[in-house]
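Down below is the structure, laid out as structure tokens.
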Amino acid sequence: GAGVSQSPRYKVAKRGQDVALRCDPISGHVSLFWYQQALGQGPEFLTYFQNEAQLDKSGLPSDRFFAERPEGSVSTLKIQRTQQEDSAVYLCASSSEAGPRFFGPGTRLTVL
Amino acid sequence: GENVEQHPSTLSVQEGDSAVIKCTYSDSASNYFPWYKQELGKRPQLIIDIRSNVGEKKDQRIAVTLNKTAKHFSLHITETQPEDSAVYFCAASLNTGGFKTIFGAGTRLFVKA
């Protein structure tokens, strides 16, 4: 069956632009996670949803970052007024139980 | 909050040898410990996981051990093969109304043929 998908796969933004990153989890998966992975680093937790409820957003680095999952399936991570330090791969993962089990391919964001 | 330390950062072994990667965690309430393999340019893949009520789990050539008292857990790969070469991440997850999962910094494993 289909795995976790993310779009776009690559995004180049000028500093100050807003971006929206999409995640399509595996159908029926209750849990959805967003992670930020800088080059050569481990994934850094951003936020976690259980169905449509955002239960933990403690990893969002600033109020420029916003995530939603209004119908408990597709999720969008929005970054406002992008900065160069936002350049990273943004990974989405879904699971029907504990922890992130299936990751998407990621969106590589480059802020110029 | 939870902090996960992982060692070594780089590990080089000869094909057929064993490889061991060790992690420690700080929050004694963490109760789920997954391990991921990430090949260059690819997404992380869950390879094995262990819960806090179990001390050891094995799946073919890979095994994970957990010592709750010492708050450390380890990944063991036996009979390593060149295709095992990748970055391996340990993680610790706290189930308190969610599953916030914190990753270690990763271990780059090289298996020499």
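Protein sequence lines, in the order shown, are assigned to chains A and B. Residues in the first sequence are numbered from 932 upward in steps of one, following this note's numbering. Residues in the second sequence are numbered from 37 upward in steps of one, following this note's numbering. In this text, a Cβ means the ideal position worked out from N, Cα and C, and glycines have one as well. This one's a predicted model, so the numbers in the text were calculated from it and none came from an experiment.
Own chain, CB closer than 7 angstroms to residue i, minus 5 neighbours either side, in chain order
i, result
"glutamate 6 of chain B", "Nothing about residue 6 of chain B can be read from this structure; chain B reaches only from 37 to 149."
"glutamate 1002 of chain A", "Glu983"
"proline 118 of chain B", "Glu51, Val147, Ala149"
Contact with chain A by residue i, beta-carbon distance below 8 angstroms
i, result
"phenylalanine 139 of chain B", "yes"
"phenylalanine 109 of chain B", "no"
"serine 129 of chain B", "yes"
"proline 70 of chain B", "yes"
"lysine 150 of chain B", "No answer is possible for residue 150 of chain B: the residues shown for chain B start at 37 and end at 149."
"phenylalanine 125 of chain B", "yes"
Cut-off 8 angstroms between Cβ atoms - residues of its own chain near residue i, not counting five sequence neighbours on either side
i, result
"glycine 142 of chain B", "Gln42, Ser45, Gln74, Val123, Tyr124, Phe125"
"valine 1005 of chain A", "Arg953, Cys954, Asp955, Pro956"
Neighbourhood of residue i by C-beta distance below 6 angstroms, restricted to the same chain and skipping five residues each side
i, result
"proline 70 of chain B", "Leu82, Asp85, Ala127"
"histidine 112 of chain B", "Val56, Ala99"
"asparagine 131 of chain B", "Asn67"
Chain B contact for residue i (CB, 8 angstroms cutoff)
i, result
"alanine 933 of chain A", "no"
"glycine 996 of chain A", "For the record, residue 996 of chain A in the displayed sequence is phenylalanine; it is not glycine. Phenylalanine 996 of chain A does not count as touching chain B."
"tyrosine 979 of chain A", "yes"
"glycine 973 of chain A", "yes"
"arginine 1032 of chain A", "yes"
"alanine 969 of chain A", "no"
"glycine 947 of chain A", "no"
Secondary structure of residue i, DSSP reduced to three states
i, result
"glutamate 115 of chain B", "coil"
"glutamate 983 of chain A", "coil"
"glutamine 1015 of chain A", "helix"
heavy atom of the ligand PLP below 7 angstroms from residue i C-beta
i, result
"isoleucine 98 of chain B", "As presented, the structure is devoid of all ligands, the ligand PLP included, so that no description of it is given."
Any C-beta of chain A within less than 9 angstroms: which residues of the region 76–88 of chain B qualify?
Cβ contacts with chain A: Lys78, Arg79, Pro80, Gln81, Leu82, Asp85, Arg87.
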